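A.B. asks: Numbered per this note's numbering, the sequence shown finishes at 318, counting up by one with no gaps.
All C-beta atoms, glycine included, are put in the ideal place defined by N, C-alpha and C.
Computed from a prediction, not measured in an experiment: that's the story for all the values here.
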Amino acid sequence: MKPAIVCFGEVLLRLSSPGKELLLQSPRFDAHIGGAEANVAVSLHKFGHRTRVVSALPDSTLGRACADELRRHGVDTDSIHFGDGRMGMYFLTHGAGHRPAEVLYDRANSSFAIAPPATYDWASLLADARWLHVSGITPAVSAATAEAASQAMQAARKANVQISFDCNFRARLWGSRSPEAPRLLTRLCEQADVIFGDDRDIAFMLGFKASAADARREAADVAFKTFKHLRYIVCTERARHSVDVQQLTGLLFDSKNAYTSRSYPLHSIVDRIGGGDAFAAGVLHGLLTGMTPQESIDFGAAAGCLKHSIPGDFNLLGVSDVELLLSEKGGDVRR
Ligand SMILES: O=C(O)C(=O)C[C@H](O)[C@H](O)COP(=O)(O)O
């Protein structure tokens, strides 16, 4: 069996208003399953990897249905703990025109938030793993999940499992624990081989202030000096050209070089939630399959761009879909 990619984080139920409506403008919600690490696991499975989500869900119809949905997309859910607490949820209003999208979290005291760190036996959860992926959302959820994330990463390091960490800063989630965020995020980045984060994340964690025009390179240099296991730091750049057209570019830094992807205009966006996770999964697919850094960032940016065309949090597209975009041979209809 192929070695597994383990993703540790909260699985969420998302309730979004239909179309571009405001919440409860009409009395309906669309339901999707999401969560940063689950999104990465699903996308990596679609790219041909064996993926496992480690998490905690309520032992209820909702919790079981969420796990079923992940399993439907090929993710191994056998290590999900079903216990006390409630389903973590978020409400989403899609953005339109000048109105940004809005996320309302409803996940306090969720099963994941209250699960003690000892819920997870990392030595066995990582025994067949080659990679561990965690995001900065996990330590933001609760003190218990921050400790569990740290234990997961330490166990991975000990077992020679590669680690990626997506900073994913969510101010609304940290709430009153915000003063602790830089220290807790730094502690996790110290274990990572690959960090998804930009100069704002590095500045937030390390108090660094960019002086030159190339803030991202400077931030990457600070990160390489601070985090001894770091091999790559990766981020996206989103430029807004007009109300309706944004542009997405991927950037990957190693300790010496910078690699930049093609820039993709993002118009007719169907659903932008999960675009960052699809990008991360695309870059990880590149690194896991021996692509060069340039090929990896190209694949990641194309995957992130394509996710904007898919409703829901998951990028359900496969390698050939991404390759088609990379080849620039895509057209209106594939026949
Ligand atoms: O915010 C959270 O706590 C979540 O986990 C929900 C979202 O599904 C991902 O965060 C998507 O993030 P992007 O890929 O950056 O759009």
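By a C-beta neighbour count over all protein chains shown, 10 Å radius and 16 as the cutoff for buried, is L5 buried or exposed?
C.D. replies: Stepping through the sequence shown from its first residue, residue 5 is reached at position 22. By the neighbour-count rule (16 or more Cβ atoms within 10 Å), L5 is not buried but exposed.
A.B. asks: Give the straight-line distance between the Cα atoms of A79 and A106, rounded to the nearest whole angstrom.
C.D. replies: To locate residue 79, count along the sequence shown from 1; it is residue 96. To locate residue 106, count along the sequence shown from 1; it is residue 123. For A79 and A106, the distance between alpha carbons rounds to 46 Å.
A.B. asks: My understanding is that S279 touches L270, with C-beta atoms under 8 Å, so please give their C-beta distance in whole angstroms.
C.D. replies: The count along the sequence shown starts at 1 and reaches residue 279 at position 296. The count along the sequence shown starts at 1 and reaches residue 270 at position 287. Indeed, because the Cβ distance is near 5 Å, the residues count as touching under 8 Å.
A.B. asks: From F282 to R(-3), what distance separates their C-alpha atoms?
C.D. replies: Within the sequence shown, numbered from 1, the residue matching residue 282 stands at position 299. Within the sequence shown, numbered from 1, the residue matching residue -3 stands at position 14. Roughly 27 Å separates the two Cα atoms.
A.B. asks: Considering only the alpha carbon of each residue, which of C172, G287, G265, L156 lies closest to R221?
C.D. replies: Here residue 221 refers to the residue found at position 238 when the sequence shown is read from its first residue. Minimum Cα distance to R221 is reached at G287.
A.B. asks: Considering only residues of the same chain and omitting the five flanking positions on each side of A285, which have a CB-CB separation below 6 Å?
C.D. replies: Stepping through the sequence shown from its first residue, residue 285 is reached at position 302. Taken in chain order, the residues that qualify are V305, L308, L309.
A.B. asks: Once you ignore the five residues that flank L171 on each side, which residues in its own chain have a CB closer than 8 Å to its CB?
C.D. replies: Position 188 of the sequence shown, counting from 1, holds the residue named residue 171. V117, G119, P122, A132, S133, M136, F148, listed in sequence order.
A.B. asks: Closest to A98 by CA distance: which of A39, C49, L45, S62 is it?
C.D. replies: Start at 1 with the first residue of the sequence shown, and residue 98 comes out as number 115. That would be A39, whose Cα lies nearest to the Cα of A98.
A.B. asks: Given this structure, state the Cα-to-Cα distance separating F262 from D296, to the nearest angstrom.
C.D. replies: Position 279 of the sequence shown, counted from the start, is the residue given in the question as residue 262. Position 313 of the sequence shown, counted from the start, is the residue given in the question as residue 296. In a straight line, the C-alpha of F262 is about 12 Å away from that of D296.
A.B. asks: Take the Cβ of H28 as the centre, count every other Cβ of all protein chains shown within 10 Å, and call the residue buried at 16 or more, exposed below.
C.D. replies: Reading the sequence shown from its first residue, position 45 is the one you call residue 28. So H28 counts as buried.
A.B. asks: By a C-beta neighbour count over all protein chains shown, 10 Å radius and 16 as the cutoff for buried, is K227 buried or exposed?
C.D. replies: Locating residue 227 in the sequence shown gives position 244, counting from the first residue. In the sequence on display, residue 227 carries Asp and not Lys. Flag for D227 reads exposed.
A.B. asks: Quick check: is the beta carbon of R221 nearer than 8 Å to any beta carbon in chain D?
C.D. replies: Protein chains in the displayed structure number just one, and chain D is not present.
A.B. asks: Measuring alpha carbon to alpha carbon, tell me which of A101, D89, K141 ends up nearest G158.
C.D. replies: If you number the sequence shown from 1, residue 158 lands on position 175. Comparing Cα positions, the closest option is D89.
A.B. asks: Between which residues of its own chain and V205 is the CB-CB distance below 8 Å, once the five residues before and five after are set aside?
C.D. replies: The residue labelled residue 205 in the question sits at position 222 within the sequence shown. Counting only Cβ-Cβ distances below 8 Å, and skipping sequence neighbours, we find I185, L189, F191.
A.B. asks: Determine the closest residue to D321 out of V23, M70, H77, Y103, with distance taken between C-alpha atoms.
C.D. replies: Past the edges of the chain, shown from -16 to 318, lies residue 321, and the structure says nothing about it.
A.B. asks: Hey, Q174 and R214 are a contact pair by Cβ (cut 8 Å); roughly how many whole angstroms apart?
C.D. replies: Your numbering for residue 174 matches position 191 in the sequence shown. Your numbering for residue 214 matches position 231 in the sequence shown. That pair is no contact at about 12 Å.
A.B. asks: CB-CB under 6 Å to S93, same chain, minus the five flanking residues each way: which ones, in chain order?
C.D. replies: Counted from its first residue, the sequence shown places residue 93 at position 110. The answer, listed in chain order, is G68, R69, G71.
A.B. asks: Once the 5 residues before and after V302 are set aside, which same chain residues still bring their CB inside 7 Å of it?
C.D. replies: Position 319 of the sequence shown, counting from 1, holds the residue named residue 302. Within the same chain, V302 has close Cβ partners F30, G31.
A.B. asks: Have a look at H212 and V177 and give me their C-alpha separation to the nearest angstrom.
C.D. replies: As a position in the sequence shown, residue 212 is number 229, starting the count at 1. As a position in the sequence shown, residue 177 is number 194, starting the count at 1. In a straight line, the C-alpha of H212 is about 8 Å away from that of V177.
A.B. asks: Along the alpha helix (DSSP H) that carries E130, what are the first and last residues, could you check?
C.D. replies: As a first step, residue 130 must be located in the sequence shown, where it is residue number 147. It spans 126 to 141 - the alpha helix (DSSP H) in which E130 sits, taken as one unbroken run.
A.B. asks: Taking the alpha helix (DSSP H) that C288 falls in, what are its first and last residues?
C.D. replies: For the purposes of this step, residue 288 is taken as residue 305 along the sequence shown, with counting starting at 1. 276 to 290 is the span of the alpha helix (DSSP H), which, as asked, contains C288.
A.B. asks: Could you pull out every unbroken alpha helix (DSSP H) segment of at least 4 residues lying fully inside the segment 143 to 198, listed in chain order?
C.D. replies: List check, alpha helix (DSSP H) in window: 154 to 157, 164 to 172, 182 to 189.
A.B. asks: Relative to the alpha-carbon of H291, which residue among A241, Y242, S62, D260 has its alpha-carbon at the smallest distance?
C.D. replies: The sequence position of residue 291 within the sequence shown is 308, counting from 1. Minimum Cα distance to H291 is reached at D260.
A.B. asks: Start and end of the alpha helix (DSSP H) containing I97?
C.D. replies: Indexing the sequence shown from 1 puts residue 97 at position 114. That run of the alpha helix (DSSP H) goes 94 to 97.
A.B. asks: Tell me, which residues are paired with W105 by DSSP?
C.D. replies: Residue 105 sits at position 122 when you count from the first residue of the sequence shown. W105 pairs with nothing; no bridge assigned.
A.B. asks: What separation, rounded to the nearest whole angstrom, lies between the Cα atoms of A198 and Y242?
C.D. replies: Counting from one through the sequence shown, the residue named residue 198 turns up at place 215. Counting from one through the sequence shown, the residue named residue 242 turns up at place 259. Straight-line Cα distance between these residues: approximately 15 Å.
A.B. asks: Alpha carbon to alpha carbon, how far is A48 from F187?
C.D. replies: For the purposes of this step, residue 48 is taken as the residue at position 65 of the sequence shown. For the purposes of this step, residue 187 is taken as the residue at position 204 of the sequence shown. When rounded, the distance between both Cα atoms is 37 Å.
A.B. asks: Grouping DSSP H, G and I as helix and E and B as strand, with all else coil, what is D204?
C.D. replies: Residue numbering aside, residue 204 sits at position 221 when the sequence shown is read from its first letter. Helix at D204.
A.B. asks: Could you round the C-beta distance between D254 and P294 to whole angstroms and report it? I think they count as a contact, below 8 Å.
C.D. replies: As a position in the sequence shown, residue 254 is number 271, starting the count at 1. As a position in the sequence shown, residue 294 is number 311, starting the count at 1. With 8 Å as the limit, D254 and P294 qualify as a contact, their Cβ atoms being about 5 Å apart.
A.B. asks: Along the chain, where does the alpha helix (DSSP H) containing A91 start, and where does it finish?
C.D. replies: Within the sequence shown, numbered from 1, the residue matching residue 91 stands at position 108. No alpha helix (DSSP H) holds A91; DSSP gives it neither H nor E.
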